[in-house]
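Report on the structure given below.
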Amino acid sequence: MRTIGLEEHFVTPELAPYGKGTATIAEPHVWEEMSRRLLDLTGARLERMDAAGLDVQVLSLNSPGLQAEPDAALAVSRAAAVNDLLAATIEAHPIRFAGFAALPLQDPQAAAKELERSVTQLGLRGALVNAHTHGRYLDDPELRVVWEYAQGLDVPLYLHPANGVDTAHVLSGHPELIGPMWSWGTDTASHALRLVFAGVFDDFPEAKLLLGHMGEALPFVLWRLDSRWDFHAHHGIELARGRPSEYLRHNLYITTSGVCSAAPLLCSLLALGSDHILFGTDYPFEEMDVATEFLRTAPISEADREKIAHGNAERLLRL
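Just so we're aligned: the sequence shown equals residues 1 to 319 in UniProt numbering.
Structure below.
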């Protein structure tokens, strides 16, 4: 069974310093090992892929990536450079790697053009966005141009977590809850809901949003979202599709990255359907072999397993 992973991270020595905020979350010895693996594009990474039975990695720059850069012009030039490097890596290993572009969202017009260049000239399969860009989220009106290009190119935007702009008061005094174990998931789910209620998917009805980590828990709350939307004051917002779940079932695709558990997978299958679930490992932050073994043994139909392992990625990313 061909297996394609969609959340597979890397970094370059030049861009590694952007991750210093993420480094504060991890145990020092763990971050040291993760950093070593992130910098290894084609050595031990390929060996681990072979050992795990992972045929293809769709590579993406590690969080927070270029979005941490305060200088817009520097972000633009570095995005072009890292996307060129990614494309060269894929060209050298065309049956093992594909890629998501990094975008300089500090400059929305430049980001849209870089997405177009990355897809049409470099052969990348969309873009991965690490949460906010200096407090600006993907529902910002100035970033509509990026969605316009993504829809026109028929490629997804993968929304990945990063450290938030601030810390919710409920987390005060509990730094252990800040990061991928908890706060990143709630932040990313909230970011996705901003896109729904800001009308992004009304403006671009065929836009495709990817979320990792089994959809950041959104598949588990669809009924509740709809029920409470009927209850809540709408504050002048009306949804063309009527209810939030209609957008999540239509525009949202999720990956299994970082969640090797049957219960949330089965829930996601019931909530979104097998056509909207793809595979990911979250390497190097999770182990490839654990993820591929989970996929091979999950209590799902063989037809659904094939879709998740490779069929949906082949269709969505044209791999």
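Even glycine gets a Cβ: it sits at the ideal position worked out from N, Cα and C.
On a predicted model such as this, the values are computed, not experimentally measured, just so you know.
* Looking at the unbroken beta strand (DSSP E) that takes in Asn130, where does it start and where does it end? -> Ala127 to Asn130
* Beta-carbon separation (whole angstroms), Lys208 vs Tyr253, contact threshold 8 Å -> Right, their Cβ atoms sit about 6 Å apart.
* In its own chain, which residues sit with a C-beta less than 6 Å from the C-beta of Phe294, not counting the 5 before and 5 after it? -> Cys260
* Please name the residue, chosen from Gln109, Leu177, Arg117 and Asp282, that lies closest to Ala101 on a Cα-to-Cα basis. => Arg117
* **Counted within 10 angstroms of its Cβ, other Cβ atoms place Glu8 as buried (16 or more) or exposed** => buried
* Residue environment, Pro64, which counts as buried when at least 16 other CB atoms sit within 10 Å -> buried
* Asked: Do the segment 136-152 and the segment 97-113 touch if we need at least three Cβ pairs shorter than 8 Å?
  -> Yes, the segment 136-152 is in contact with the segment 97-113.
* Where in the segment 120-163 do unbroken runs of the beta strand (DSSP E), each at least 3 residues long, occur, reported from the N-terminal end onward? -> 127-130 and 157-160
* To do: Check the DSSP bridge columns for Ser301 and list the partner residues they point to.
  => None; Ser301 has no bridge partner.
* Cβ pair Gly244, Trp229 closer than 7 Å -> First, the residue type needs correcting, since residue 244 is Pro and not Gly in the sequence shown. Yes. Within cutoff.
* Could you please give the first and the last residue of the uninterrupted beta strand (DSSP E) stretch that includes Ser35? => Element bounds for Ser35: not the beta strand (DSSP E) but the alpha helix (DSSP H), Pro28 to Leu39.
* To do: Tell me, please, whether the segment 64-75 touches the segment 23-39 by the rule of three or more beta-carbon pairs shorter than 8 Å.
  => no
* To do: Give every residue of the same chain whose Cβ lies closer than 6 Å to the Cβ of Asn130, excluding the five residues on either side of it in the sequence, and list them in chain order.
  => Ser63, Pro64, Gly65, Gln67, His160 and Ala162
* **Length of the line joining the Cα atoms of Asp226 and Ile25** => Going by the C-alpha atoms only, they are around 35 Å apart.
* Taking the beta strand (DSSP E) that Val56 falls in, what are its first and last residues? -> Val56 to Leu61
* Could you give the distance in angstroms between the alpha-carbon of Glu91 and the alpha-carbon of Leu211? -> 26 Å
* Asked: Ile254 by DSSP, collapsed to three states: which one?
  -> strand
* Asked: What do you reckon, are the CB atoms on Ala271 and Pro219 nearer than 7 Å?
  -> Against a cut-off of 7 Å, the Cβ pair of Pro219 and Ala271 comes out as a contact.
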